[in-house]
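**Q** Chains as they are written, first to last, in this note's numbering: chain A, 1 to 685; chain B, 1001 to 1101. We put the CB at the ideal spot given by N, CA and C, even for glycine. As the structure is a prediction and not an experimental result, all values here were calculated from the model.
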Amino acid sequence: MKLIRSVIQGLMLVIVAAVTLEATGLIQYYFTQKGIRKEATQRAESRLEVAKLKILDIVDQTEVAVHNSVWLAQWALSVPDSLWAVSRRMVQDNPVIVGSTIALVPGYDRKRPLFSPYCFQAPGESSIRVSSLATEEYDYPSQEWFTKPLELGEGYWSEPYVDEGGGEILMTTYSVPLKAPDGRFVAVLTADISLDWLNDLVISARTYPNAVCTLVSRSGKNMVGDTGTLPKDEKNHVFSTTVDKTGWAISVIIPDKEIFGGIRQVGFLVALLQVLGIAMIIVILFSAAKDQKKFKELNERKERMENELRIARAIQMSMIPKIFPPFPERKDLDMSATIVPAKEVGGDLYDFYIRDEKLIFCIGDVSGKGIPASLVMAVTRSLFRTVSAHEDNPAAIVRIMNNSMAEVNESNMFVTFFIGILDLASGHLRYCNAGHNAPLILTDAKHYLPVESNLPLGVLAGFEFKEQEAVMAYDDAIFLYTDGLTEAENATHELFGEDRMDAVLSTRRSSDAHMEAIKKAVAEFVGEAPQSDDLTMLFIHYLNGSLNQQKERHLVLHNSVDQISQLADFLQEIADEKGLDASTAMNINLALEEAVTNVIMYAYPEGTDGLVDLEAILRDDSLVFILKDNGTPFDPTAAPEADVTLSAEERNIGGLGIFLVRKIMDTVHYVRSDGQNVLSMTKNI
Amino acid sequence: MEININKQENVTTVKLVGRLDTPASVEVSKELEPVAADAAGTIILDCKDLTYISSSGLRIFLTLRKAATAQGGTVIVKSINQDIRNVFMMTGFLNLFRIEE
């Protein structure tokens, strides 16, 4: 459906484009044609006007010359022979005039019935020839040039004619009537002008090569210009003007295709180009539609992946503690941590939790970035939690983690890792480093925690990691970080470095403030440069909190039942110290007795001597009992709970002891640590 | 820990005084062996002066009850204090015994 819709959309687009393009073409064509027509008209008209003006110029010159001679000719009429000189002078004085005569009305001169002295300039000759027009054959009184002016009583331009006597040239004659002193018209003065220039002039009005220029006389005779015929049945454009005095009409006839042939050709080419253009649009649209489909799919896939990455990030972030302060009830710890992945998901991790009055914490950096690293991070974090839940020896934890990671490390990814176990009661820190950078200890004198580098996790199965230990005094802090901090790069590839980190950490402040200060310093240093690596930091400030109120009691028993009686006195002291009521004291006594009995009865093989170590930590609001033995590994918390709802017949004799411990104590936790069974029990008071 | 066993006809009264902890239970267990062996009648466990009981003590109670039931006898737990009543409650023993004031 979507495809069909997009095809329809594409077709619509093509149609709209085609219509627009064609309309534009047509409008353009229309206006161009209009412009060309206008241009053609203007050109033709201006040429015609020029020709007309030139003709009029000569006509005027002729007329002026003739009229100027009228008085002389009229004066000379009384002496007809002097008329020779008048006509000669006409020709001589006016270059335009090639011939001139003064023809007398027959009978005016008594001596000669006809008299018409004619002077003319023969073509190619410099001298003026004379002749008489009063011949029988010519019969001038019947000629138009003679009759018309007399008839009209004014100047008259003859129809052009071919002069047969004077060299076959086209001529026209202007003739004016001459009056006798009594006012009668008695003679005609003429001036012949050659029209050989007229042809060129008319031809010069030809604005298109195939245009036809003609000059038509008053009577409709085609005088000069093109004699060729115009193609018939074709559209022609006719432009013409009339020379007033002579009555000539000059015309330019331009075939339609002469004017518009060019634009039609261009129009055709344009239309062809448009068709090609539309064809290209269609091709582009169809390939675009295909691409768009691909693009859409790609986009959807990208979105899906981004969404999954967001989920992955949320899952990853949910694995690590990120609510700060993490232990608001504790006054001995001020902690803060942050993890800023360079990509959506990262390969850094930190984690921590408190168990049995010990803060167990870690930081790690998986080689590589992105999803593969994040998966390894998740595995590392799970292993950390699982293994450290029942193991107090950091080297043992790291060893177990390393072995399980190295065994199945097909992608050859490794993790630099640091684990610390801080005994919150004593400040005793046990730690093990697996190729991670040394944490910084912030005391009065800042220093790096001395670390064995060992090997990162996942590199070599069976590697023996060395444990180290240190003591943290109250108010000491430990700052753990990944190399994303010291190796944060700015735009010029400078590294943030230890010095800058030291500078920020030199000021004493809360863990939160430290975290913010470092983040700010890094952000300022890095500027616009993209984050190159995951950045993770963990800050632990060990404080003298409620623990200064704490007291400890210690009881060591042998693995003999009669030793159990000592518990009552041990507990009585604690009860007195803490002001516990008898019932609570009795209950605690009962739980401890059950736990200790369990050890005495089952931890050591029969007949062997063994010790049971019971430590009590007295706090304001709780009592913590830590029971240790060197016996065979045994986790009493793993035993199934006694079912107290069973009838007497169904009940087993045993199984009640650990049930009571659980019932009475608020938390019970077992670890195997350094070859010892360690059972921690807390009772809130 | 003191234990007084007093048998009148088919009613055996066992008076427990003090703490019935694990070491005491070892002794009490021995003392009560004859009572368990002859449990067809009524056995009264007088707990008026019993101040403490551990799971070993509870185990003795249960053993005795099982023996009595097997022989058609009855075990009555008498006058337990509040703390021990709580332990009985926690462990479900309150439902296993006839408790009397």
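Assign aspartate 1021(B) to one of two classes, buried (16 or more other C-beta atoms within 10 Å of its C-beta) or exposed (fewer than that).
**A** Classification for aspartate 1021(B): buried.
**Q** Is arginine 639(A) helix, strand or coil by DSSP?
**A** In the sequence as displayed, the identity of residue 639(A) is alanine instead of arginine. Residue state, collapsed to three classes: coil.
**Q** Could you tell me the alpha carbon to alpha carbon distance between lysine 1007(B) and aspartate 356(A), rounded to whole angstroms?
**A** Cα-Cα distance, rounded: 51 Å.
**Q** Residues in its own chain within less than 8 Å of glycine 129(A) by CB, not counting five upstream and five downstream?
**A** A small correction: the amino acid at residue 129(A) is arginine; glycine does not occupy that position in the sequence shown. Cys119, Phe120, Gln121 and Ala122, listed in sequence order.
**Q** Output the residue ranges of the beta strand (DSSP E) runs that lie fully inside the stretch 158-235 of chain A and measure 3 residues or longer, sorted by chain position.
**A** Within the stretch 158-235 of chain A, the complete beta strand (DSSP E) runs of at least 3 residues are 161-163, 169-179, 185-194, 212-216 and 222-225.
**Q** Taking the CB atoms as reference points, tell me whether isoleucine 626(A) and valine 678(A) lie closer together than 8 Å.
**A** A contact, by the Cβ cut-off of 8 Å.
**Q** Do you know whose CA, among Phe384(A), His428(A) and Gly370(A), lies nearest methionine 413(A)'s CA?
**A** The candidate whose alpha carbon is nearest that of methionine 413(A) is Gly370(A).
**Q** Leaving out five residues on either side along the sequence, give the residues of the same chain with a beta carbon under 8 Å from the beta carbon of leucine 686(A).
**A** It is not possible to answer for residue 686(A), since the shown part of chain A is limited to 1 through 685.
**Q** Let's test the definition: count the other Cβ atoms within 10 Å of the Cβ of leucine 547(A) and tell me whether it reaches 16, buried, or not, exposed.
**A** For leucine 547(A), the predicted model reports a pLDDT of 47, less than 50, meaning its position is unreliable; a value from the coordinates is still stated below. Leucine 547(A) should be labelled buried.
**Q** Please classify valine 96(A): does DSSP put it in a helix, a strand, or coil?
**A** Looking at valine 96(A) - three-state DSSP - the assignment turns out to be coil, as it is neither helix nor strand.
**Q** List the residues of chain B whose Cβ lies closer than 7 Å to the Cβ of lysine 663(A), in chain order.
**A** Ordered by position in chain B, the residues that pass the 7 Å Cβ test against lysine 663(A) are Met1090.
**Q** Beta-carbon of leucine 547(A) versus every beta-carbon of chain B: anything under 8 Å?
**A** Legend: pLDDT at leucine 547(A) = 47, less than 50; position of this residue unreliable, no value from coordinates given.
**Q** Just how far apart, CA to CA, sit glycine 497(A) and glutamate 452(A)?
**A** The alpha-carbon atoms of glycine 497(A) and glutamate 452(A) are separated by roughly 21 Å.
**Q** If you pair each beta-carbon of the stretch 205-224 of chain A with each one of the stretch 245-262 of chain A, do three or more pairs fall below 8 Å?
**A** Yes, they touch.
**Q** Throw me the rounded Cβ distance for the tyrosine 448(A) and alanine 438(A) pair, which I believe falls under 8 Å.
**A** Indeed, because the Cβ distance is near 4 Å, the residues count as touching under 8 Å.
**Q** Looking at chain B, is there any beta carbon in it that lies within less than 8 Å of the beta carbon of glutamate 593(A)?
**A** Chain B contact via Cβ: present.
**Q** With 8 Å as the threshold, decide whether the Cβ of arginine 1098(B) is near any Cβ in chain A.
**A** Output row for arginine 1098(B): interface = no.
**Q** Just checking, does the stretch 364-383 of chain A make contact with the stretch 321-339 of chain A on the three C-beta pairs under 8 Å criterion?
**A** Taking 8 Å as the limit for Cβ pairs, the verdict is that the stretch 321-339 of chain A does not touch the stretch 364-383 of chain A.
**Q** If you draw a straight line from the C-alpha of lysine 343(A) to the C-alpha of asparagine 307(A), how long is it?
**A** One C-alpha to the other measures close to 14 Å.
**Q** Find the residues of chain B that neighbour threonine 645(A), judging by a C-beta separation of less than 7 Å, and give them in chain order.
**A** Near threonine 645(A) (Cβ distances below 7 Å), the residues of chain B are Gly1092.
**Q** How about glycine 657(A): is its C-beta nearer than 8 Å to some C-beta of chain B?
**A** True, the Cβ-Cβ gap to chain B drops below 8 Å.
**Q** What residue from Thr135(A), His237(A) and Ser426(A) has the CA that sits closest to arginine 43(A)'s CA?
**A** Taking only the C-alpha atoms, the option nearest arginine 43(A) is His237(A).
**Q** What in chain B is Cβ-close to valine 561(A), meaning under 8 Å?
**A** Correct list: Thr1022, Pro1023 and Val1026.
**Q** Let me know if valine 436(A) comes out buried or exposed under the rule of 16 or more other beta-carbons within 10 Å of its beta-carbon.
**A** In the sequence under discussion, the amino acid at residue 436(A) is histidine, which differs from the valine named in the question. Buried is the call here.
**Q** Between the Cα of isoleucine 1003(B) and those of Met1089(B), Thr1051(B), Gly1072(B) and Thr1042(B), spot the shortest distance and give me the residue it belongs to.
**A** Of Met1089(B), Thr1051(B), Gly1072(B) and Thr1042(B), the residue nearest in Cα terms is Thr1051(B).
**Q** Would the beta-carbon of alanine 591(A) fall within 8 Å of that of methionine 665(A)?
**A** Yes, the Cβ-Cβ distance between alanine 591(A) and methionine 665(A) is below 8 Å.
**Q** Quick check: is the beta carbon of isoleucine 588(A) nearer than 8 Å to any beta carbon in chain B?
**A** By this cut-off, isoleucine 588(A) is not an interface position.
**Q** Just verifying my parser: in three-state terms, what is the DSSP assignment at proline 633(A)?
**A** Coil, per DSSP.
**Q** Is it a yes or a no for the stretch 561-575 of chain A touching the stretch 529-541 of chain A, going by three-plus beta-carbon pairs under 8 Å?
**A** Result no; under three Cβ-Cβ pairs closer than 8 Å.
**Q** Can you find a C-beta in chain B that's less than 8 Å from the C-beta of leucine 660(A)?
**A** Yes, leucine 660(A) lies at the interface with chain B (some Cβ there is under 8 Å from its Cβ).
**Q** Looking only at its chain, what residues have a beta carbon closer than 6 Å to the beta carbon of glutamine 563(A), apart from the 5 residues adjacent to it on each side?
**A** Counting only Cβ-Cβ distances below 6 Å, and skipping sequence neighbours, we find Leu557.
**Q** Between the stretch 564-578 of chain A and chain B, which residues of the former have a C-beta closer than 9 Å to a C-beta of the latter?
**A** Per Cβ criterion, the list reads Ile564, Ser565, Leu567 and Ala568.
**Q** Taking C-beta pairs closer than 9 Å, name the residues in chain B that serine 583(A) reaches, listed in chain order.
**A** Gln1082, Asp1083 and Asn1086, listed in chain order.
**Q** Three-state secondary structure (DSSP) at serine 367(A)?
**A** Coil.
**Q** Using 10 angstroms around the beta-carbon of serine 100(A), count the other beta-carbons present and answer buried if the total reaches 16, otherwise exposed.
**A** By the neighbour-count rule (16 or more Cβ atoms within 10 Å), serine 100(A) is buried.
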